[in-house]
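One structure is given here, and the rest of the page talks about it.
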Amino acid sequence: MRRKAGSLVPLELAICSAAATLRRGGEEEFHGYEIAKTLGDASDSRLLTAYGTLYRALGRLEKMGLLISRWEDPHVPARENRPGRRLYRLTALGEAAADEARRAEPAVQKRPRRRLAPA
Amino acid sequence: MNPLLACAIALVRGWTRLYSSRMDPASRDSRRAEIESDLWEFHEDARRRGASPPGIAVHMIARLCFGIPHDLLWRFEYEKDGVTTYRRAAWLTAGAVGATVCIAALWAFFAVTSLVSLPPLPDSIHVERVYLQLRPPPPPPPPPPPRRYHSLFDRHVGPPPPPPPR
Chain R
1 MRRKAGSLVP LELAICSAAA TLRRGGEEEF HGYEIAKTLG DASDSRLLTA
51 YGTLYRALGR LEKMGLLISR WEDPHVPARE NRPGRRLYRL TALGEAAADE
101 ARRAEPAVQK RPRRRLAPA
Chain V
120 MNPLLACAIA LVRGWTRLYS SRMDPASRDS RRAEIESDLW EFHEDARRRG
170 ASPPGIAVHM IARLCFGIPH DLLWRFEYEK DGVTTYRRAA WLTAGAVGAT
220 VCIAALWAFF AVTSLVSLPP LPDSIHVERV YLQLRPPPPP PPPPPPRRYH
270 SLFDRHVGPP PPPPPR
């Protein structure tokens, strides 16, 4: 998809909205898988956002100043015996973009997943 | 570990290593670590929810395949930015070298002309003298042949005449 300079594609808007939702829920920072899961829950999709799609979008949002990131303290993953997380945080600019996206597209309805009706 | 799940994890890791190879270490390691973290979080979350290992593997492979175009685009964007940075660095280096050469030329000019007194030359004259002493002296010129003048003022040309008889 070709984009205008400075404009956001739907996935980037969705990431900003999901990050704003997480922030309202008390989570200031989130990692890649967490946002993929939040996006999947929001769209009721069974398949999570692909690795390349998700991390390229996160990188673009960081480059545009809508997100900032840091690697967590290496003692924490060592203690929990897991790989280190890159933690993202929504900036004020990202929050504004999320608000604008929410106002601009109020009519977008969450499409329910098609399920087979019981016989 | 289920062989299909191990294969899926190896595929994701291998692809990430492939498209992030020959990058600067910071970007490369950051992307690899991020994917590794995602793999672990996804696997743990799916295991907690009771998903079957083959199901997790299929999901991982699907996420990998759908993301391949974006992985490639991400790499191409990196290369494009890298070329721009390289050109900028080349121009900066050329400018720095040019400025250094100009400053060095100016310093050399002033040093040669007036600002710095040059040290005395080595005693090349002494060397020349020693060299000349070592050479054998030239042979003396041969004596000039006896000159015989025949003029009006010199009557004794040749052997003296015998005395007149009495």
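Chains R and V, in that order, are what the protein sequence lines are.
Going by our numbering, the first sequence opens with residue 1, and the numbers climb by one from there.
Going by our numbering, the second sequence opens with residue 120, and the numbers climb by one from there.
Don't be surprised by glycine CBs; every beta carbon is placed ideally from N, CA and C.
Values in this document were obtained by computation on a predicted structure and should not be read as measured data.
Range of the contiguous beta strand (DSSP E) that encloses residue i
i, result
"Leu124(V)", "Here Leu124(V) belongs to no beta strand (DSSP E); instead the alpha helix (DSSP H) covers Pro122 to Tyr138."
"Leu11(R)", "Leu11(R) -> not in any beta strand (DSSP E); alpha helix (DSSP H) instead, spanning Pro10 to Arg24."
"Arg103(R)", "No beta strand (DSSP E) contains Arg103(R), which is instead part of the alpha helix (DSSP H) from Ala92 to Ala104."
Same chain, Cβ closer than 6 Å to residue i, five either side skipped, listed in chain order
i, result
"Tyr88(R)", "Phe30, Leu67 and Ser69"
"Ile180(V)", "Ala127"
"Pro172(V)", "Asn121 and Leu124"
"Ser7(R)", "none"
"Ile154(V)", "Thr135"
"Pro265(V)", "none"
"Gly217(V)", "none"
"Gly40(R)", "Leu48"
Whole-angstrom distance between residue j and residue i, CA atom to CA atom
i, j, result
"Gly84(R)", "Ser156(V)", "6 Å"
"Glu12(R)", "Ala57(R)", "6 Å"
"Asp164(V)", "Leu158(V)", "10 Å"
"Pro283(V)", "Pro262(V)", "37 Å"
"Asp148(V)", "Arg194(V)", "14 Å"
"Arg167(V)", "Ile175(V)", "12 Å"
"Glu196(V)", "Phe228(V)", "48 Å"
"Arg136(V)", "Leu90(R)", "29 Å"
"Arg24(R)", "Arg102(R)", "14 Å"
"His178(V)", "Ala213(V)", "51 Å"
"Ala145(V)", "Thr53(R)", "20 Å"
"Pro10(R)", "Ala104(R)", "12 Å"
"Thr160(V)", "Ala170(V)", "Note that residue 160(V) is Glu in the sequence shown, not Thr. Each residue's alpha carbon lies about 14 Å from the other."
"Gly65(R)", "Gly26(R)", "22 Å"
"Glu100(R)", "Glu34(R)", "23 Å"
"Gly59(R)", "Glu28(R)", "18 Å"
"Trp226(V)", "Ala215(V)", "17 Å"
"Pro74(R)", "Arg82(R)", "10 Å"
"Arg254(V)", "Pro260(V)", "17 Å"
"Trp210(V)", "Ile222(V)", "18 Å"
"Pro188(V)", "His162(V)", "23 Å"
Same chain only: Cβ atoms within 8 Å of residue i, ignoring 5 sequence neighbours per side
i, result
"Thr21(R)", "Thr38 and Ala42"
"Leu191(V)", "Tyr138"
"Ala98(R)", "Leu13, Cys16, Ser17, Ala19, Ala20 and Leu90"
"Val108(R)", "Legend: pLDDT at Val108(R) = 49, less than 50; position of this residue unreliable, value from coordinates given subsequently. Around Val108(R): no qualifying Cβ."
Nearest neighbour of residue i, chosen from the options [CA to CA]
i, options, result
"Arg151(V)", "Ile222(V), Val131(V), Lys199(V) and His178(V)", "Val131(V)"
"Ala18(R)", "Glu95(R), Arg103(R) and Ala104(R)", "Glu95(R)"
"Trp71(R)", "Gly26(R), Arg86(R) and Ile15(R)", "Arg86(R)"
"Ala92(R)", "Leu61(R), Pro10(R), Ile35(R) and Arg82(R)", "Leu61(R)"
"Ala36(R)", "Gly186(V), Gly169(V), Pro264(V) and Met142(V)", "Gly186(V)"
"Ser45(R)", "Arg182(V), Trp226(V), Ile222(V) and Gly217(V)", "Arg182(V)"
"Lys63(R)", "Ala170(V), Cys184(V), Asp200(V) and Pro188(V)", "Asp200(V)"
"Asp143(V)", "Pro255(V), Glu198(V) and Gly217(V)", "Glu198(V)"
Limits of the unbroken alpha helix (DSSP H) element including residue i
i, result
"Leu66(R)", "Unbroken run through Leu66(R): none, as it is neither H nor E."
"Leu48(R)", "Unbroken run through Leu48(R): none, as it is neither H nor E."
"Ser156(V)", "Pro144 to Arg167"
"Ser43(R)", "Gly32 to Ser43"
"Ala170(V)", "Element bounds for Ala170(V): n/a, residue is neither H nor E."
"Glu80(R)", "His75 to Glu80"
Residues near residue i by beta carbon distance below 7 Å, same chain, minus five either side
i, result
"Tyr55(R)", "Gly32"
"Ser140(V)", "none"
"Pro281(V)", "none"
"Ala129(V)", "none"
"Pro258(V)", "none"
Any chain B beta carbon closer than 9 Å to residue i
i, result
"Leu130(V)", "Absent from the structure: chain B. Protein chains present are R and V."
Would you call the region 42-51 of chain R in contact with the region 73-81 of chain R, where contact means no fewer than 3 C-beta pairs closer than 8 Å? no
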